[in-house]
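Please read the structure below before turning to the comments.
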Amino acid sequence: MKISEFHSDIDINKRQTPNFRANPMIGLAVNLDEKVLLGKAVLDVVSLDAPQVIMANNNQERREKFNKSLFSFALGYLSPLVTLPLTNRFAMKYIGKLTKSFWTNNHKAIHISNKFLKDAEPMMAELTRMAKGVKKNPFEEIYYKLNSKKQYNPRLNIDELLKSCGGDKEKLRQKLINAKNAVLAFDLLFTSASIGCVGFFNNWQTKRKTKQDGYSAEFYMADKSIVEKRAESYKKKEPLRKAAWLGVLTALTLCPLLIKKGLTSQTSNAFNNYIKKIAPRLDYNDGIYMSRLALLLASFGIYSGITLASRNQTELKDTSIRSTVSTITYFGGDILIGSILGRLADKYLKTNIINKDIENAFIRKLIPPTKRLRSLDPRDKKIGAILYWVNLAMLSVCMGFGIPYLINKMIRHDVEKDVNAQNKTNLYIKRPRMEDFVKG
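Residue numbers for the sequence shown follow my numbering, so the first one is 36 and each next one is one higher.
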């Protein structure tokens with residue numbers, strides 16, 4: 036199973052540990068280069084979250100930015116390490132009904148890539164290959180000992196899987212598709228909803244602490260009355276915005292049904308063929324080894340929740356810009372900068388970092404991908420690791436500090452505009468009239 040279309044030369048089922056002792060910085064770069072979700076966590080924290088907390092206008096906004104970072108890291112990057120193994124077992128037992136126990140190694144059949152689930156025969160061949168590599172499960176061994184059961188199979192038992200389907204390979208294929216897409220639907224919903232609600236949570240916490248409904252970045256820039264007035268119209272529409280977000284989450288959760296339809300349908304048409312083509316890009320075994328496409332789908336729910344929680348027009352522009360920048364940074368910005376740096380290194384340092392064995396596609400010609408760091412020779416690997424950290428530093432300066440600086444200027448401009456308008460209104464109201472000097 037491949038991680039992404041830009042880096043498709045690494046098999047995630049082959050878990051290798053980089054050599055941290057020889058050179059920790061190179062080892063860490065190699066590790067982050069392969070583990071997509073972990074790499075995104077570091078990218079977000081270093082290039083986006085930490086700088087934006089530093090660039091906040093006041094303590095209230097700083098607390099909100101910190102909450103968002105903390106929730107994103109804990110729920111988006113750490114929780115899958117716990118939830119995904121459990122949901123895999125749950126789906127195999129109760130959705131696919133392919134296992135009888137939570138502790139059996141047969142739940143690992145759900146790790147099969149979607150590209151092998153297009154037909155029954157490739158599925159069986161891949162399951163047979165996977166069975167040779169499944170490691171001994173200590174929890175299953177303890178389970179059997181406690182229940183005084185003599186038979187224990189430390190590997191994937193294909194015969195048991197087929198037995199649960201009455202020996203029907205096609206039925207096994209259908210059940211595996213159901214189990215995989217149930218896990219995908221839960222993961223998309225949980226990740227999007229839990230992180231996306233941070234905006235609404237911050238609004239509630241800020242109001243509870245400050246008794247204000249306005250945008251926290253504007254506090255101390257103007258009188259409380261002006262800040263509150265700027266939020267009046269948005270406050271009335273909050274139920275409508277929450278309903279819109281729930282609609283986005285619902286649509287996102289139903290997306291796996293399209294994957295199921297494309298894989299199970301025997302009809303060959305443009306839609307089904309396209310779904311079968313992209314289905315493998317939604318594969319992942321655990322929280323660290325996740326594809327970019329799954330992250331992109333989850334981002335729609337996350338950023339829609341954060342954006343729809345905006346308290347006035349200025350915050351809407353703020354969150355929209357930050358969400359767009361965050362998406363571009365991870366789903367293109369780092370790849371673009373990495374490609375440019377790699378081509379410069381190949382030209383002037385005589386390295387071999389750019390992957391020249393790629394598909395004949397326009398986007399790949401325009402932005403040729405780099406090779407995985409692990410596949411490079413020692414000299415190129417050292418240079419590639421240095422370029423990885425340079426890439427991260429450039430993103431931190433541009434996206435983490437540059438964008439917030441411009442956004443803060445935009446916020447001050449919007450507030451000053453309303454303050455000036457309010458001052459003109461007050462001046463007109465207080466202007467002396469002839470009637471004030473004439474006694475009746």
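Glycine included, each C-beta is placed from N, C-alpha and C at the ideal position. Given the structure is predicted, the values throughout are model-derived calculations rather than measurements.
Buried or exposed (CB count within 10 angstroms, at least 16 for buried), residue i
{"i": "T245", "result": "exposed"}
{"i": "I442", "result": "buried"}
{"i": "I438", "result": "buried"}
{"i": "Y309", "result": "exposed"}
{"i": "A64", "result": "buried"}
{"i": "E99", "result": "buried"}
{"i": "I336", "result": "Checking the sequence shown, residue 336 turns out to be Gly, not Ile. Burial call: buried."}
{"i": "K382", "result": "exposed"}
{"i": "N347", "result": "buried"}
{"i": "S339", "result": "buried"}
{"i": "Y250", "result": "buried"}
{"i": "I61", "result": "buried"}
{"i": "E268", "result": "Sequence inspection shows Ser at residue 268; the Glu mentioned does not correspond to that position. Flag for S268 reads exposed."}
{"i": "F368", "result": "The residue you asked about is not Phe; residue 368 is Gly in the sequence shown. G368 is buried by the Cβ-count criterion."}
{"i": "V425", "result": "exposed"}
{"i": "Y440", "result": "exposed"}
{"i": "I418", "result": "buried"}
{"i": "P86", "result": "buried"}
{"i": "K156", "result": "The question names Lys, but residue 156 is Glu in the sequence shown. E156 is exposed by the Cβ-count criterion."}
As assigned by DSSP and simplified to three states, the class of residue i
{"i": "A160", "result": "helix"}
{"i": "I388", "result": "coil"}
{"i": "F254", "result": "strand"}
{"i": "T359", "result": "helix"}
{"i": "T364", "result": "helix"}
{"i": "T139", "result": "coil"}
{"i": "T405", "result": "strand"}
{"i": "N213", "result": "helix"}
{"i": "D449", "result": "helix"}
{"i": "A380", "result": "helix"}
{"i": "A456", "result": "helix"}
Beta-carbon separation (whole angstroms), residue i vs residue j, contact threshold 8 Å
{"i": "S374", "j": "P404", "result": "7 Å"}
{"i": "S341", "j": "G231", "result": "Before going further, note that residue 341 is Ile rather than Ser in the sequence given. Right, the Cβ-Cβ distance comes to about 6 Å (below 8 Å), so this counts as a contact."}
{"i": "N216", "j": "I89", "result": "Wrong, their Cβ atoms sit about 41 Å apart, outside the cutoff."}
{"i": "V262", "j": "T122", "result": "In fact, because the Cβ distance is near 43 Å, the residues do not count as touching under 8 Å."}
{"i": "C290", "j": "L328", "result": "C290 to L328, Cβ: 11 Å. No contact."}
{"i": "N149", "j": "D318", "result": "6 Å"}
{"i": "W138", "j": "N192", "result": "Their Cβ separation, rounded to whole angstroms, is 13 Å, which puts W138 and N192 out of contact at 8 Å."}
{"i": "L427", "j": "S82", "result": "6 Å"}
Opening and closing residue of the alpha helix (DSSP H) in which residue i lies
{"i": "T299", "result": "E273 to T299"}
{"i": "S480", "result": "An answer regarding residue 480 cannot be provided, because it is not within the stretch 36 to 475 covered by the chain."}
{"i": "P120", "result": "S114 to F125"}
{"i": "P315", "result": "Taken as a continuous stretch (DSSP letters only), P315 belongs to no alpha helix (DSSP H), as it is neither H nor E."}
{"i": "S104", "result": "N94 to F106"}
{"i": "M60", "result": "P59 to E69"}
{"i": "V425", "result": "P413 to L430"}
_Across the segment 248 to 262 and the segment 301 to 311, are there enough close Cβ pairs to call them in contact, namely three or more that are closer than 8 Å?_
Not touching, per the Cβ criterion.
*asked:* Three or more C-beta pairs under 8 Å: does that hold for the segment 428 to 445 against the segment 356 to 366?
replied: Remark: three or more beta-carbon pairs, one from each stretch, lie closer than 8 Å, so the segment 428 to 445 and the segment 356 to 366 are flagged as touching.
*asked:* Whether or not the segment 125 to 138 and the segment 205 to 215 are in contact is what I'm after, with contact meaning three or more pairs of Cβ atoms, one per stretch, closer than 8 Å; do they touch?
replied: The answer is yes - the segment 125 to 138 touches the segment 205 to 215, with three or more Cβ pairs under 8 Å.
*Is there contact here, the segment 107 to 115 with the segment 67 to 80, by at least three beta-carbon pairs under 8 Å?*
Enough Cβ pairs lie closer than 8 Å, so yes.
*Three or more C-beta pairs closer than 8 Å, one from the segment 157 to 168 and one from the segment 234 to 245: is that the case here?*
Touching, no.
*Cβ pair count under 8 Å reaching 3, the segment 221 to 229 against the segment 143 to 155*: With a cut-off of 8 Å on Cβ pairs, the segment 221 to 229 is not in contact with the segment 143 to 155, counting fewer than three such pairs.
*Pair every Cβ in the segment 101 to 109 with every Cβ in the segment 187 to 197, then say whether three or more of these pairs are closer than 8 Å.*
Three or more Cβ pairs closer than 8 Å define a contact, and the segment 101 to 109 falls short of that threshold against the segment 187 to 197.
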